[in-house]
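> I have a structure I would like to understand better, so I am pasting it below and will then ask my questions one at a time.
In my numbering, the protein residues as written are 18 to 379.
Below is the structure:
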């Protein structure tokens, strides 16, 4: 039995609209302990057999959003340097974890070599579940769960990766590359600027992906699916709009992938500007707390609200022009002077050394 507590996504959203809430699932504590034991053994099996798709970066050792984005951006930059045009399609899946078919998943688990007691335990883990919604002092009647993997379970992302395994092979069969992070599916198709037939290949790939999704009880949302044209010239995208389920996907100048803003020339200028703008806004708020906090506590707050955002996927910033990186350097200096109480004209290097911070640019 899972207890669902709805949490408003943003304070500014209308609380009378159900779509503005994020369901937070609380599972029994003892069950979570057992799930961690099983997850550890299942993860070891996946590593030993090299079962997962090589393009899958989600919820596996040595991988994360940073490795996924570095691989994606490096892939696109290589094609850009060759003079190719690339279309990056970011597919949007609706409630992907909640619509997984148990029968199909158990078939995939059996196909990867699991059987006997292990498969029976996983069958028991998936079936016979129920959930109820708790809001204040009121609880709904329990409702059975006939599909999906349990939200909040450490096993669920691993089972989802296993469920999605065939998708990468389907995409690559069309000569289209893919980068996966759990339910974040991104397709890359590169071609010479004069090759207008390339979009037809991408359309056939998208049609095959859509058919596979339907057959596996997953739902694509064409209205939220985005396409980025990666090219030195915007006019090279004329006539290249791909089609998904009858919906023409417009080309965008920038998209957000795993929390990072990517632009058509991969300059990362919009991303750096957004990070710097948000960081300065947070520093302005933290400055009001300075009279009430000691230096260690102030450093903790600054790290939580500011420098953690500078650190997120910072491997992408390697090799960027100094004029771009300078925006982040100014944020780092402002944070250092706030914590140390140094004068505005004091040099940055001693402050960073005092805080044991590495400079953003060497």
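Note that beta-carbon positions come from the ideal geometry of N, C-alpha and C, so glycine has one too. Remember, it's a predicted structure, so these values are computed and weren't measured experimentally.
Under 7 Å, do residue 107 and residue 272 count as touching if we go by C-beta distance?
yes
> Does the beta-carbon of residue 306 have 16 or more other beta-carbons within 10 angstroms, so that it is buried, or is it exposed?
Result: exposed.
> Residue 22 to residue 52, Cα distance in whole Å?
21 Å
> Ordered along the chain, which non-local residues of its own chain (more than five positions away) have a Cβ less than 8 Å from that of residue 275?
82, 85, 86, 198, 201, 330
> What residue range is occupied by the uninterrupted beta strand (DSSP E) comprising residue 175?
Careful: residue 175 lies outside any beta strand (DSSP E), inside the alpha helix (DSSP H) at 173-180.
> Per DSSP, which one or two residues make a beta bridge with residue 380?
Nothing can be reported for residue 380, as the shown portion of the chain is limited to 18 through 379.
> Identify, in the order they occur along the chain, each residue of the same chain with its Cβ nearer than 8 Å to the Cβ of residue 372, setting aside the five sequence neighbours on each side.
316, 353, 356, 357
> Using only the alpha-carbon positions, how far apart do residue 266 and residue 125 sit?
32 Å
> Check whether the stretch 189-197 touches the stretch 144-159, taking contact to mean three or more Cβ pairs, one atom from each stretch, closer than 8 Å.
no
> Under 8 Å by Cβ, that's how I've got residue 348 and residue 298 pegged, so tell me the actual separation to the nearest angstrom.
With a Cβ gap of about 11 Å, residue 348 and residue 298 do not count as contacting.
> Per DSSP, which residues does residue 198 bridge with? Please list them.
201
> What does the alpha-carbon distance come out to for the pair residue 378 and residue 361?
Each residue's Cα considered, the two are about 20 Å apart.
> Three Cβ pairs or more, each shorter than 8 Å: is that satisfied between the stretch 226-243 and the stretch 136-150?
no
> Under the three-state reduction of DSSP, which class applies to residue 80: helix, strand or coil?
coil
> DSSP three-state label for residue 207, please.
If DSSP states are grouped into helix, strand and coil, residue 207 belongs with the strands.
> Within a Cβ cutoff of 8 Å, which residues of the same chain sit near residue 149, ignoring the five residues on either side of it in sequence?
18, 19, 20, 21, 156, 157, 158, 159, 160
> Sort 345, 103, 341 by Cα distance to residue 208 and report the nearest one.
Out of 345, 103, 341, 103 has the C-alpha closest to the C-alpha of residue 208.
> Quick one: what's residue 23 bridged to in DSSP?
40
> Under 7 Å Cβ to Cβ from residue 337, same chain only, skipping five residues before and after it: list those, please.
285
> Of the choices 144, 38, 109, 41, whose alpha-carbon is the least far from that of residue 236?
Closest option to residue 236, Cα to Cα, is 109.
> Identify every residue that forms a DSSP beta bridge with residue 271.
Paired residue(s): 280.
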